[in-house]
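In my numbering, the protein residues as written are 57 to 165.
Where is the CB? At the ideal position from N, CA and C, for every residue including glycine.
Notes follow the structure.
Following this line, the structure appears as structure tokens:
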């Protein structure tokens, strides 16, 4: 169910290499600790800010997702206490077939 009619064709999820490896082993997306209530997603325009704030000193992988392949309730809303809006996926998951591209960012030598 989509609660934002103008949802972009692609959304993005940033994960650690460990989380992505575990997802591949289980053949399903494995959410990490920040995704307990919902799965945090971003638009392409939001990626630089999110990487800078949360991932700039860590290895990470950016998953490019087909938004129409996501299962669950996709809501465009602000995080609690915030004003910037992001896509949150409630009561759903990211099927691996929704992943159309991965970009690895290795920070450590």
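Range covered by the beta strand (DSSP E) that runs through residue i
i	result
residue 72	No beta strand (DSSP E) holds residue 72; DSSP gives it neither H nor E.
residue 106	From DSSP, residue 106 is part of no beta strand (DSSP E) but of the alpha helix (DSSP H) over 103–106.
residue 95	95–97
Three-state secondary structure (DSSP) of residue i
i	result
residue 157	strand
residue 149	strand
residue 126	coil
residue 62	coil
Residue i at chain B interface by Cβ criterion, 8 Å
i	result
residue 70	Chain labels in this structure do not include chain B; a single protein chain is all it has.
Identity of the residues DSSP links to residue i by a beta bridge
i	result
residue 131	144
residue 117	71 and 160
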